[in-house]
Structure formats: C-alpha cells, structure tokens
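J.: Please read through the structure below; I'll follow up with questions.
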C-alpha cells in the first residue's frame, strides 16, 4: 500500500472518530497575569454559583452546568491541579449564557444588507488567587448557539473550555 493511500486512510479515520462537529465559529481569548507563575498553584476550588446565568433549560435534559464543571475539572487535572473543598491556592469562577434573540447583519452577493437571527452563546472563566483575591487569569469564548443534540453540544463545550484553559 502506498504512503499516500495510508495517509488518506489515516485522515479519513481521524475525521470519522473526531466527528463532524464544527467549531470554526467559536472564538476564544485568554489573558494571564505576567507576574504570576501558574505552575506554583496546585489546588483549586470552583466558586459556588458558577454556571449558566440565564437559567435556560435544554429540552434534551443535558445538564450544561455539570458538563462545564466536569470539563473544567478534567482539563485542570491534566495540568496537575487538584480540586479541594477548602483552602485552595486559587478559585475558579465561570459564567455562561445564551442570547437566543441575537441578530447579525448579513451582506449578500449583490451587496444588499439583511438582518438574520443568529443565537449566540458566551462563557467567561476567571482564575483568582485565593490568598490575595487578585485575578490571575481570564478567558472568554463565544460562538453560535446552534441548538445541536447533546453529544454535539458536549463536543463544542469541550473544545471551547480546553482552548480557554490552554491559554492560561
């Protein structure tokens, strides 16, 4: 079998196993304090009350709050951080919301402007030094709220949160 054919087969397998979830609309920005070495922080606690701020519910019973917290815990654990319930080195606060009535201006091929409904979702994740209360990192993500099935939504959340924490 030629190397080209092997490469094509490998690419197809990767595409099949990673799914068809599009993440190209998700924009992530992350900032961390230049004065802080995040490697020195070993334990964290997620601030109670973090989660969805608009109280929206999904019809498929996906608990987005629990899903976000699980992804955050997983990604921080990969970075060597340990969750604790008291005396953490830093706190994690996050908030997310959806604007189902958001609109955006669209320009067609003829140059005519139209307005179309484009629901948007956004999330902010903040890391706070437990001793000083100083913000040591902030990350935001925004993208389209596509009304996808639970599994696709989980993949998009995973992508966004992983990218948010990779910049911190």
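Residue numbers (this note's numbering): 4 to 171.
Glycine included, C-beta positions come from ideal geometry on N, C-alpha and C.
1. Measuring CB to CB, does residue 86 end up less than 9 Å from residue 133?
2. Could you tell me how far apart the beta carbons of residue 32 and residue 142 are, in whole angstroms, since I believe they sit closer than 8 Å?
3. Does at least one heavy atom of the ligand SAM sit under 8 Å from the Cβ of residue 121?
4. How many Å lie between residue 154 and residue 49 at the Cα?
5. Out of 159, 76, 165 and 139, point me to the one whose CA is closest to residue 93's CA.
6. Closest by CA to residue 69, which one among 160, 167 and 166?
7. Closest by CA to residue 144, which one among 163, 135, 152 and 150?
8. Using the C-alpha atoms, what's the distance from residue 129 back to residue 37?
9. Let me know if residue 84 comes out buried or exposed under the rule of 16 or more other beta-carbons within 10 Å of its beta-carbon.
10. Which of the three DSSP states, helix, strand or coil, is assigned to residue 142?
11. Have a look at the DSSP bridge pairing and note the partners of residue 86.
T.: On the basis of the coordinates in this document:
1. The Cβ atoms of residue 86 and residue 133 do not sit closer than 9 Å to each other.
2. At roughly 7 Å, the Cβ-Cβ gap stays under 8 Å, so residue 32 and residue 142 are in contact.
3. Here there are no bound small molecules, and the ligand SAM is not part of this structure.
4. In this structure, the alpha-carbon of residue 154 lies about 24 Å from that of residue 49.
5. Looking at 159, 76, 165 and 139, the one whose alpha-carbon comes closest to that of residue 93 is 139.
6. Nearest in C-alpha terms to residue 69, of all of 160, 167 and 166, is 160.
7. A check of alpha carbon separations from residue 144 across 163, 135, 152 and 150 identifies 163 as the nearest.
8. Looking at the two C-alpha atoms, the distance is approximately 15 Å.
9. The residue in question, residue 84, is buried, as its Cβ has 16 or more Cβ neighbours within 10 Å.
10. Residue state, collapsed to three classes: strand.
11. BP columns for residue 86 point to 47.
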